[in-house]
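Only one structure is covered here, and it is reproduced in the block below.
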């Protein structure tokens with residue numbers, strides 16, 4: 015009988031859960047500091063809520079749930095598993111308009127399911143970690159989103175991350191200026207987006223196939239790639255004079271974001287990336303991506319999308335957000351060994367040995383004293399069949415195998431003197447202290 | 015267009031999530047103190063893993079997921095949504111036998127899905143909160159499970175809960191002694207279990223229909239109901255002499271649990287309930303249930319089930335566990351108003367007003383100072399189109415509507431003097447303090 019998880023799904027054993035929870039807690043805590051509030055939506059949505067929202071490819075990847083009861087025999091589906099966190103957010107904004115604040119800042123950290131072909135690092139159940147601010151067009155929103163994201167990465171111990179930023183209106187203006195007709199903006203950006211993969215010749219060839227001349231290709235290669243301008247302020251002024259109104263708006267937004275981020279932890283990491291396009295479908299303003307050198311792909315990304323959230327309510331509702339790549343963050347932190355020892359470590363701070371054959375009452379009471387004082391205590395569950403050292407040794411081995419750093423023993427001497435002997439399992443050192451002092455003993459040593 | 019959640023499913027808006035998270039955190043924290051470790055399994059399991067494990071009725075209530083790709087047209091299912099946390103635990107124990115400790119103590123707090131008819135308080139997606147200790151037959155396990163459960167309820171602010179306890183072997187012995195044939199133990203217990211609903215006459219009638227005499231009915235009514243024995247120790251001794259070996263084992267286990275719990279917070283709440291039967295299928299030893307007076311049904315329950323966990327590995331693996339009823343705990347706490355103010359409250363500790371038309375940089379930097387100091391700060395996102403009081407009033411109203419307790423203003427005087435004016439939104443009191451002192455000001459007031 016197959017006892018593994020279903021294809022593309024994962025079981026998270028205790029150490030996995032602790033690592034995941036650690037990162038989730040850091041993210042949630044930082045975003046709460048910025049006034050973002052938690053939202054949770056059900057794993058199961060009406061199929062009609064999801065269908066048609068993710069394109070043809072997306073529709074194919076939705077897990078569909080069979081009708082029950084009367085409809086069960088038809089083989090039809092009426093429900094589906096959550097595919098992302100954006101469509102549910104749009105639904106929630108439409109449904110609870112009166113109950114939600116005008117500026118609704120929410121974070122949502124929940125799993126989504128996609129019937130993708132599983133590969134290394136790609137799963138069918140994975141967490142998304144979305145942070146969105148709804149209802150304001152102010153660039154203060156973007157500055158706060160990036161500032162908070164930077165705080166998250168700094169708190170997690172990243173020092174070398176880069177926040178690449180660009181602007182959809184700036185991209186559009188550059189394309190227009192270069193002579194790309196509006197209806198080809200999308201395909202041209204897709205081609206430019208892979209310039210680093212296909213090279214200059216590839217870009218020329220593919221643009222040519224779309225009927226765009228070599229001159230246009232060269233202009234785009236010059237304008238939408240290369241390292242950031244040496245003098246950003248001067249570059250912005252130049253662009254403002256040569257680009258159309260869209261371009262000027264884009265530049266002005268970027269100017270504000272750079273200025274506002276200066277006093278935040280995002281400032282030192284923020285870099286203009288003229289080639290950044292980030293998909294195409296729904297972004298309308300600033301777009302951003304968070305990267306580290308040792309990971310192809312990004313650790314997070316997002317942007318402003320002023321026309322999407324109203325999809326269910328039929329109004330235009332401005333919004334901007336960022337999605338942090340929880341699974342990728344975990345991979346990089348794992349590879350780099352970035353988890354604090356306390357997170358990867360053990361199920362308990364100390365294990366209480368059962369030395370006497372028939373005194374579980376004594377050991378449970380002692381364990382509970384420590385627990386009430388905030389210590390995580392494992393009580394060895396099986397009382398030995400006879401008193402003494404031999405039994406104790408087996409329990410010591412058990413604690414050692416589990417990586418529990420301290421073991422506490424109350425044997426004959428200790429019971430008589432109201433003391434406890436504490437053994438440091440790493441150093442082998444033992445100390446005997448009054449029972450009332452025991453907590454400070456091993457807390458200080460750890 | 016329907017923007018509500020699917021039938022029987024719920025959206026959790028921020029205040030809901032905060033309440034749920036508060037309870038989950040208390041539960042997880044307490045169980046961690048007892049050395050229990052977190053486990054998470056995927057929402058989606060292979061259909062064959064679940065099917066046939068929950069009886070005919072259970073099988074009907076499993077949400078089944080349509081095949082994708084080649085099988086999509088057949089209308090067949092190959093996957094299903096998690097129905098409980100016990101079958102996945104049994105699967106995990108079989109799959110990772112070599113990686114898991116011999117005594118595996120795990121808690122698992124995740125949603126499950128059942129295609130039940132939705133009713134008041136019954137949902138199709140709800141959280142289970144299971145705590146199980148696997149691999150030991152010691153009654154220390156039961157004592158720790160109950161001690162931890164009692165700690166949870168005490169920490170949540172419950173004072174009046176009762177932990178009812180009984181033993182399956184004791185029940186079996188009483189039934190045997192009364193003359194109920196072994197094959198009727200199950201049905202007899204189901205009938206006795208509803209004695210308080212159907213009354214003495216109902217019990218006689220229903221037992222009679224199963225061929226059990228009025229004399230048997232009267233014996234069972236006397237033995238399996240009524241308030242707890244006045245002298246528990248004496249009652250236990252009496253039972254031990256008159257019951258069979260099973261009954262003696264049950265009494266001895268209960269005696270140990272009562273003794274071990276004495277020094278724990280469970281002790282004061284533990285009560286023998288001779289009528290407690292708790293389902294029938296898989297319990298083999300002590301069984302327990304946690305109750306409060308103002309809730310029909312229980313806040314949690316569990317017991318020992320030594321034959322279930324091995325269902326996938328084919329070995330007998332002893333286990334005992336308790337499942338806390340998260341959704342019910344939330345209902346009772348909500349009705350009683352038991353959530354601390356900090357939990358139900360607001361998205362932020364303070365809102366920073368944007369007073370000047372064009373100084374978002376100033377306000378963002380100030381907000382970030384506070385955030386770095388651990389304060390949850392909402393920055394009003396839209397800069398006003400002109401400086402001053404009128405705009406400020408609108409922002410004050412916004413803070414008030416959102417229930418944010420303090421508002422911080424840096425206007426002209428404050429900017430000149432490097433001060434901040436903080437208004438307590440409840441009392442209306444205002445104080446102006448040096449910018450470096452502002453945190454202590456409103457933290458002290460709150």
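Residue numbers (the working numbering), protein chains in the order written: chain A, 15 to 460; chain B, 15 to 460.
Every residue, glycine too, gets a C-beta built ideally from N, C-alpha and C.
Predicted model only: the values in this text are computed from it and were never measured.
Roughly how far, in whole angstroms, is the beta-carbon of residue 66/B from the beta-carbon of residue 73/B, given that I think they are within contact range, below 8 Å?
Along the second chain, read from residue 1 onward, the residue named residue 66/B stands at position 52. Along the second chain, read from residue 1 onward, the residue named residue 73/B stands at position 59. Indeed they touch by this definition, with Cβ atoms about 7 Å apart.
Against chain A, with Cβ distances strictly below 7 Å, would residue 82/B count as a contact?
Working through the second chain from its first residue, we reach residue 82/B at position 68. Yes, because at least one Cβ of chain A sits closer than 7 Å to the Cβ of residue 82/B.
Where residue 15/A falls, given that 16 or more other Cβ within 10 Å makes a residue buried:
As a working note, residue 15/A is residue 1 in the first chain. Classification for residue 15/A: exposed.
Please determine if the segment 423-435 of chain B and the segment 386-398 of chain B are in contact, where contact requires at least 3 C-beta pairs separated by less than 8 Å.
no
For chain A, find out if any of its Cβ atoms is closer than 7 Å to the Cβ of residue 79/B; answer yes or no.
If you number the second chain from 1, residue 79/B lands on position 65. Chain A, which has a Cβ nearer than 7 Å to the Cβ of residue 79/B, makes this yes.
Quick one: give me the first and last residue of the alpha helix (DSSP H) that residue 377/B is part of.
Against the second chain, residue 377/B aligns to sequence position 363. That run of the alpha helix (DSSP H) goes 374-386.
Against residue 308/A, what residues of chain B qualify as contacts under a CB-to-CB distance less than 7 Å, listed in chain order?
For the purposes of this step, residue 308/A is identified with residue 294 of the first chain, where counting begins at 1. Chain B residues near residue 308/A: none, gap ~27 Å exceeds 7 Å.
Given a threshold of 16 other Cβ atoms within 10 Å of its Cβ, counted over all protein chains shown, does residue 458/A qualify as buried or as exposed?
Translated into the one-based positions of the first chain, residue 458/A becomes position 444. The pLDDT assigned to residue 458/A is 47, lower than 50, so where the model puts this residue is not dependable; a value taken from the coordinates is nonetheless given after this. Classification for residue 458/A: exposed.
7 Å is my cut-off, CB to CB: does residue 93/B come that close to chain A?
On the second chain, position 79 is the one that residue 93/B refers to. Yes, because at least one Cβ of chain A sits closer than 7 Å to the Cβ of residue 93/B.
Rounded to a whole number of angstroms, what is the C-alpha to C-alpha distance between residue 80/B and residue 144/A?
Here residue 80/B refers to the residue found at position 66 of the second chain. Here residue 144/A refers to the residue found at position 130 of the first chain. Using only the alpha carbons, I get a separation of about 28 Å.
Run through DSSP, which three-state label would residue 317/B get?
Position 303 of the second chain, counted from the start, is the residue given in the question as residue 317/B. Of the three classes helix, strand and coil, the one that applies to residue 317/B here is strand, per DSSP.
Those residues which DSSP pairs with residue 437/B across a bridge:
The residue given as residue 437/B occupies position 423 in the second chain. Looking at the DSSP assignment, residue 437/B forms a beta bridge with 421/B, 444/B.
At a Cβ threshold of 7 Å, is residue 353/B touching chain A?
Here residue 353/B corresponds to residue number 339 of the second chain, with the count starting at 1. So, not an interface residue.
Locate the beta strand (DSSP E) running through residue 118/B, then write down its first and last residues.
Counting from 1 along the second chain, the entry for residue 118/B is found at position 104. 118-127 is the span of the beta strand (DSSP E), which, as asked, contains residue 118/B.
Any chain B beta carbon closer than 7 Å to residue 117/A:
As a working mapping, residue 117/A is identified with position 103 in the first chain. By this cut-off, residue 117/A is an interface position.
How long is the line joining the alpha carbons of residue 272/A and residue 259/A, rounded to whole angstroms?
The residue given as residue 272/A occupies position 258 in the first chain. The residue given as residue 259/A occupies position 245 in the first chain. Straight-line Cα distance between these residues: approximately 20 Å.
Strictly below 7 Å CB to CB, what residues from chain B border residue 23/A?
Counting from 1 along the first chain, the entry for residue 23/A is found at position 9. What residue 23/A touches in chain B: 56, 58.
Interface partners of residue 66/B on chain A, CB under 8 Å:
Sequence index remark: in the second chain, residue 66/B carries index 52 (1-based). Those do not exist, as residue 66/B stays about 11 Å from chain A at its closest Cβ, beyond 8 Å.
Using 10 angstroms around the beta-carbon of residue 46/B, count the other beta-carbons present and answer buried if the total reaches 16, otherwise exposed.
By one-based count along the second chain, residue 46/B stands at place 32. Under this definition residue 46/B is a buried residue.
Could you list which residues in chain B have their beta carbon closer than 7 Å to that of residue 164/A, in chain order?
Working through the first chain from its first residue, we reach residue 164/A at position 150. Those within 7 Å of residue 164/A in chain B number zero; the least Cβ separation is about 10 Å.
Could you tell me which chain A residues have their CB closer than 9 Å to the CB of residue 70/B, listed as they occur along the chain?
Taking the first residue of the second chain as position 1, residue 70/B is located at position 56. The premise fails here: residue 70/B is roughly 14 Å from chain A at the closest Cβ pair, so nothing lies under 9 Å.
Note down, in chain order, all residues in the segment 104-133 of chain B with a beta-carbon under 8 Å from any beta-carbon belonging to chain A.
105, 106, 108, 109, 110, 113, 114, 115, 116, 117, 119, 120, 125, 127, 129
Whole-angstrom distance between residue 51/B and residue 460/A, CA atom to CA atom
As a first step, residue 460/A is located in the first chain; it is residue number 446 there, counting from the start. As a first step, residue 51/B is located in the second chain; it is residue number 37 there, counting from the start. With a pLDDT of only 44 at residue 460/A, under the threshold of 50, the placement of this residue in the model should not be trusted, and no figure is reported.
CB contact below 7 Å: residue 139/A versus chain B
Looking up residue 139/A in the first chain gives position 125. Chain B, which has a Cβ nearer than 7 Å to the Cβ of residue 139/A, makes this yes.
Which first and last residues belong to the beta strand (DSSP E) in which residue 92/B is found?
Here residue 92/B refers to the residue found at position 78 when the second chain is read from its first residue. Unbroken beta strand (DSSP E) run through residue 92/B: 91-95.
Starting from the beta carbon of residue 146/A, find every residue of chain B whose beta carbon is closer than 9 Å, and list them in chain order.
Counting from one through the first chain, the residue named residue 146/A turns up at place 132. Those do not exist, as residue 146/A stays about 13 Å from chain B at its closest Cβ, beyond 9 Å.
For residue 378/A and chain B, any beta-carbon pair shorter than 7 Å?
For the purposes of this step, residue 378/A is identified with residue 364 of the first chain, where counting begins at 1. Residue 378/A counts as touching chain B.
Could you tell me which of 301/B, 312/B, 19/B sits nearest to residue 345/B, measuring between CA atoms?
Along the second chain, one-based indexing puts residue 345/B at 331. Closest option to residue 345/B, Cα to Cα, is 312/B.
Range covered by the beta strand (DSSP E) that runs through residue 366/A
Position 352 of the first chain holds residue 366/A. Here the beta strand (DSSP E) through residue 366/A covers 364-366.
One or two residues paired with residue 328/A in a DSSP bridge:
Walking along the first chain from the start, residue 328/A turns up at place 314. Answer is none; residue 328/A lacks a bridge partner.
Whether residue 202/B touches residue 194/B by CB criterion (7 Å):
Reading the second chain from its first residue, position 188 is the one you call residue 202/B. Reading the second chain from its first residue, position 180 is the one you call residue 194/B. Closer than 7 Å, so yes.
Where does residue 134/B sit, in a helix, a strand or coil, going by DSSP?
Position 120 of the second chain, counted from the start, is the residue given in the question as residue 134/B. If DSSP states are grouped into helix, strand and coil, residue 134/B belongs with coil.
Looking only at its own chain, which residues have a Cβ that is under 8 Å from the Cβ of residue 54/B, when we skip the five neighbours before and after it?
As a first step, residue 54/B must be located in the second chain, where it is residue number 40. 122, 124, listed in sequence order.
Can you find a C-beta in chain A that's less than 7 Å from the C-beta of residue 460/B?
Position 446 of the second chain holds residue 460/B. Here the model assigns residue 460/B a pLDDT of 44, short of 50, so the residue's position is not dependable, and the following value carries that caveat. It does not; no Cβ of chain A falls within 7 Å.
Per DSSP, what kind of secondary structure is residue 411/A in: helix, strand or coil?
For the purposes of this step, residue 411/A is taken as the residue at position 397 of the first chain. In this structure, residue 411/A counts as helix in the three-state DSSP scheme.
Here's the rule I'm using: 16 or more other beta-carbon atoms within 10 Å means buried, otherwise exposed. How should residue 212/B be labelled?
Walking along the second chain from the start, residue 212/B turns up at place 198. Classification of residue 212/B: exposed, given that the 10 Å Cβ count is below 16.
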